[in-house]
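*Asks:*
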Amino acid sequence: MASASTAASRDTELVPVTAHRGVPYIASRIEAAIASNVVMELLAEHSDGIDGAIIAAFGDPGLGAARELMDYPVVGLAETGMLTACMVGKRFSIVSFARALAPWYRETVEWHQLVDRLASIRMPDTDFSNINDVQTEMQTTLVALAQSAVTEDQADVIVFGGAPLSGLVKEVINDIP
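For any residue, its number in the working numbering is found by taking its place in the sequence shown, counting from 1, and adding 82.
1) Whose C-alpha, out of A115, V120, S91 and Y154, is nearest the C-alpha of I132?
2) Which residues does DSSP pair with S211 in a beta bridge?
3) Report all residues from its chain with a CB closer than 7 Å to the CB of A201; omit the five preceding and five following residues, and keep chain order.
4) Between L124 and A138, what straight-line distance do the alpha-carbon atoms span, to the nearest angstrom?
5) Under a three-way DSSP split, which group does R204 fall into?
6) So which of M169, V254, D142 and M122 has the shortest CA-CA distance to V109?
7) Less than 7 Å between C-beta atoms, sequence neighbours within five positions excluded: which residues of the same chain meet that for A147?
8) Return the chain-ordered ranges of every alpha helix (DSSP H) run that is complete within the stretch 84-150 and spans a minimum of 4 residues.
9) So what does DSSP say about G158, is it helix, strand or coil?
10) Residues bridged to I240 by DSSP?
11) Please state whether DSSP places Q221 in a helix, a strand or coil.
12) How big is the Cα-Cα spacing for A226 and V170?
13) From the DSSP output, in three-state form, read off E234 for me.
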């Protein structure tokens with residue numbers, strides 16, 4: 083919410099909604115499928131009087147279905163991150179915190195038809211202890227992965243994938259070439 087607040091105009095009212103069921107974070111395709119259903123339920127429950135929605139899960143669960151059903155713009159974190167990356171560089175890499183997410187993220191890149199712009203998807207070999215502390219706990223590892231994406235994969239832009247990494251770029255921008 084803090085990241086969204088800094089990007090929104092002063093007269094924009096942000097209404098955060100959290101899933102009432104599901105998992106604390108999405109770590110597999112099956113969890114993404116469950117999240118898609120929850121996203122659709124939440125959008126249906128809260129659609130009166132809103133002008134747009136952001137699906138704040140990096141793999142954009144339910145985005146396609148939401149666009150078919152809702153009469154307002156719906157965007158996802160992965161989509162906006164990748165399209166922004168394409169505006170500022172030729173090739174981007176996704177860096178995230180859980181190896182299990184890589185296949186889903188790859189499918190998300192394919193769904194958005196951005197495979198030709200993808201340099202790599204880099205994930206750590208180690209697990210994290212607590213999703214709420216993943217930025218702090220894995221910061222050194224994530225920076226090293228981002229550095230490798232730039233130097234070895236020729237990425238022009240790094241996209242940190244996952245809502246738990248929101249705001250991390252501000253802390254590490256000077257550590258990545």
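The beta-carbon is built from N, C-alpha and C at its ideal position, and this holds for glycine as well.
*Replies:* On the basis of the coordinates in this document:
1) Against the sequence shown, residue 132 aligns to sequence position 50. Cα-wise, what sits closest to I132 is Y154.
2) The sequence position of residue 211 within the sequence shown is 129, counting from 1. Partner(s): none; S211 has no beta bridge.
3) Here residue 201 refers to the residue found at position 119 when the sequence shown is read from its first residue. Same-chain partners within the cutoff: R173, F174, S175, A231, D235, Q236 and A237.
4) Your numbering for residue 124 matches position 42 in the sequence shown. Your numbering for residue 138 matches position 56 in the sequence shown. Cα to Cα, the separation comes out at about 12 Å.
5) Against the sequence shown, residue 204 aligns to sequence position 122. If DSSP states are grouped into helix, strand and coil, R204 belongs with the strands.
6) The count along the sequence shown starts at 1 and reaches residue 109 at position 27. The residue asked about is misnamed: residue 109 is Ala in this sequence, not Val. Nearest C-alpha to A109: D142.
7) Taking the first residue of the sequence shown as 1, we reach residue 147 at position 65. Same-chain partners within the cutoff: S118 and M122.
8) 84-89 and 111-127
9) Along the sequence shown, read from residue 1 onward, the residue named residue 158 stands at position 76. Three-state result, G158: strand.
10) Position 158 of the sequence shown, counted from the start, is the residue given in the question as residue 240. I240 is bridged to S175.
11) Locating residue 221 in the sequence shown gives position 139, where the first residue counts as 1. Residue state, collapsed to three classes: helix.
12) For the purposes of this step, residue 226 is taken as residue 144 along the sequence shown, with counting starting at 1. For the purposes of this step, residue 170 is taken as residue 88 along the sequence shown, with counting starting at 1. Rounded to whole angstroms, A226 to V170 spans 22 Å at the Cα level.
13) Along the sequence shown, read from residue 1 onward, the residue named residue 234 stands at position 152. Note: E234 maps to coil in three-state DSSP.
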